[in-house]
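Quick note on numbering: the sequence shown equals residues 2 to 468 in our numbering.
Ideal Cβ placement from N, Cα and C applies to all residues, glycine included.
Just so you know, these numbers come straight off a predicted model, no measurement behind them.
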Amino acid sequence: MHVKIGIYVTSILLLVCIVQTSCKKYEPNWESIDSRPLPGWFDDSKVGILIHWGVFSVPSILSEWFWYQWKTRTPVLVDFMKENYRPDFTYPDFAPQLTAEFFDAEEWANLLKLSGAKYVVLVAKHHEGYTMWPSNYSWNWNSMDVGPKRDIVGEVADAIRKNTDMHFGLYHSLFEWFNPIFEQDRANGFKTQDFVSMKTMPELYEIVNKYKPEIIWSDGSHAAKDDYWNATNFLAWLYNDSPVKDYVVTNDRWGVNDNCIHGGFVNCGDRFNPKVLHKRKWENVMTLDRYSAGYRRNAKLADYFSVHELLTEVAQTVSCGGNILINVGITKEGTITPVFQNILLKLGGWLEVNGEAIYGSRPWLYQSDNVTKDVWYTSNMVEQDVFVYAIMLSWPRNNNTITLGSTIMTTTTTVVSMLGYNGNFSWRPNSYGGINVTIPAIPINLMPSVDAWVLKISGLKNVSKRT
2 MHVKIGIYVT
12 SILLLVCIVQ
22 TSCKKYEPNW
32 ESIDSRPLPG
42 WFDDSKVGIL
52 IHWGVFSVPS
62 ILSEWFWYQW
72 KTRTPVLVDF
82 MKENYRPDFT
92 YPDFAPQLTA
102 EFFDAEEWAN
112 LLKLSGAKYV
122 VLVAKHHEGY
132 TMWPSNYSWN
142 WNSMDVGPKR
152 DIVGEVADAI
162 RKNTDMHFGL
172 YHSLFEWFNP
182 IFEQDRANGF
192 KTQDFVSMKT
202 MPELYEIVNK
212 YKPEIIWSDG
222 SHAAKDDYWN
232 ATNFLAWLYN
242 DSPVKDYVVT
252 NDRWGVNDNC
262 IHGGFVNCGD
272 RFNPKVLHKR
282 KWENVMTLDR
292 YSAGYRRNAK
302 LADYFSVHEL
312 LTEVAQTVSC
322 GGNILINVGI
332 TKEGTITPVF
342 QNILLKLGGW
352 LEVNGEAIYG
362 SRPWLYQSDN
372 VTKDVWYTSN
382 MVEQDVFVYA
392 IMLSWPRNNN
402 TITLGSTIMT
412 TTTTVVSMLG
422 YNGNFSWRPN
432 SYGGINVTIP
442 AIPINLMPSV
452 DAWVLKISGL
462 KNVSKRT
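Okay, structure coming up:
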């Protein structure tokens, strides 16, 4: 009897290990750390929102790199400060003006939910060093001591978890532009690690233990190699012993030598969009403001991505196996401006109709059509059937007939329809392979979208069931 119970318990534990990948102990080296399977929720999510908010939101011109650009004598900022501020004004003098009087975390959460995004990453600390939580390691340079006098990270985390089913993550910069301890380590050729032991690592352990983020989105790694940052030791702890060890995901910015190589998924640089399959799970982090991740008071409408341009990025990214992380900047008062709200709500409306082609999808055998441009493919399993989705980024001009190339191999059971529209479409094979699909005249009030449309195709010959 005891033997049978022991076998039963062992089997259950083995199943838990397989599901959670929590029984293996990861060593503090890249070979071991990179062997950790990526938690499945991240690949299924596809769409995330990145939120930039900090002291840089007060001057709010040029970019979130304002302090660095000003101190390195960028002419436009030198003139701006000379014309608008007293001669002895310093960057820390901006911090009390980060007032956050209109900040409402639950309002944010409701908007982000309507955007259709499945995860959110909040900037907890940018390169300026100011922490958006009451850190024990950033005295008088955090959101509780100066500025909002609030725990911004805590409020956003609570609101997201209370009001949505989104995954919550935190962005954290490893380095700080003008921290004298970091500058001394750099002067020592990074042979000392005082900044890492006194600032960077204590902050990382603090936010993981306190806020339990499901994503640690590291940045600022370009200043030194990963051995200076002690990155692999932190990641081994994160995967082995932290409170989020079973489901946390990380990116590749852990050292200047790690980009696009190591980590749970790779960014390979800002706005990375290879438009081809990548060997690793990757993420396209892009800004809705073409020129800044932080909010800019002087931005023009043309500086923002249109909804169609954003959906183009979404289609290309997801077709090639990536996730897309869409950045918005926040005002010093704590608001998401109407231009950002409008784009996010329209994205959410499109995803509500066409999410079947995005969430949980996988790259198909081909990523884009070989005859008609602006058509990108994904595939997904619905119950036991595999469907192929052709995302059309432009409406066909040839009598409402779209030609899909030889990538499409039909059978007698092939059916073509459009997400968000009732009824199947007629089609006929091309002599050189592929098909011509005729789209019926659709009344404007029944049109599923005005920016991009998705054909759902079943019964193809060149489709295999996903594993």
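Boundaries of the alpha helix (DSSP H) harbouring K114: A106 to L115, taken from the DSSP string. L278 and F95 have their C-alpha atoms spaced approximately 44 Å apart.
The beta carbons of G117 and L352 sit about 3 Å from each other, so the pair counts as a contact at 8 Å. Considering only S450, E334, P430 and D370, the residue with the shortest C-alpha distance to P60 is E334.
Residues Y248 and V250 of the same chain have their beta carbon placed closer than 7 Å to that of P40, with the five preceding and five following residues left out of the count. Around the beta carbon of H127, a 10 Å sphere encloses 16 or more other beta carbons of the protein chains shown; the residue is thus reported as buried.
In the three-state DSSP reduction, I331 falls in the coil class, being neither helix nor strand. The continuous beta strand (DSSP E) containing V455 extends over residues W454 to S459. Under the Cβ criterion (8 Å, minimum of three pairs), the segment 374 to 385 does not count as touching the segment 415 to 425. About 13 Å separates the CB atoms of Y378 and S407; that is not less than 8 Å, and the two are not in contact.
Per DSSP, the continuous beta strand (DSSP E) segment holding W377 begins and ends at V376 to V383. Taken in chain order, the whole alpha helix (DSSP H) runs of length 4 or more contained in the segment 51 to 87 are 67 to 72 and 76 to 85. E284 is bridged by DSSP to N324. For W428, the uninterrupted beta strand (DSSP E) segment begins and ends at N425 to P430.
At the C-beta level, Y229 and V197 come within 8 Å of one another. For Y229, the uninterrupted alpha helix (DSSP H) run begins and ends at D227 to W230, by DSSP. Secondary structure of F95 (DSSP, three-state): helix. Its chain contains N143, S144, M145, D146 and D152 as the residues whose beta carbon lies nearer than 8 Å to that of P135, once the 5 sequence neighbours on both sides are disregarded; these appear in chain order. Counting along the chain, K126 sits inside the beta strand (DSSP E) bounded by residues Y120 to K126.
DSSP, reduced to helix, strand and coil, places T404 within a strand of the structure shown. A Cβ-Cβ contact shorter than 8 Å links G265 with N252.
Ranked by how close their Cα comes to the Cα of N111, the residues R162, F81 and P93 have R162 in first place. Of the residues assessed, M287 falls on the buried side of the cut-off, its CB having 16 or more other CB atoms within 10 angstroms. Nearest to G221 by C-alpha distance, out of M167, W42 and A232, is A232.
Taken atom to atom, the span from the alpha-carbon of G460 to that of L115 is near 33 Å.
M167 is positioned such that its CB atom lies closer than 8 Å to that of V121. Comparing C-alpha distances from N437 to each of C321, A303, I458 and P364 shows the shortest one belongs to I458. Boundaries of the beta strand (DSSP E) harbouring V416: V416 to M419, taken from the DSSP string.
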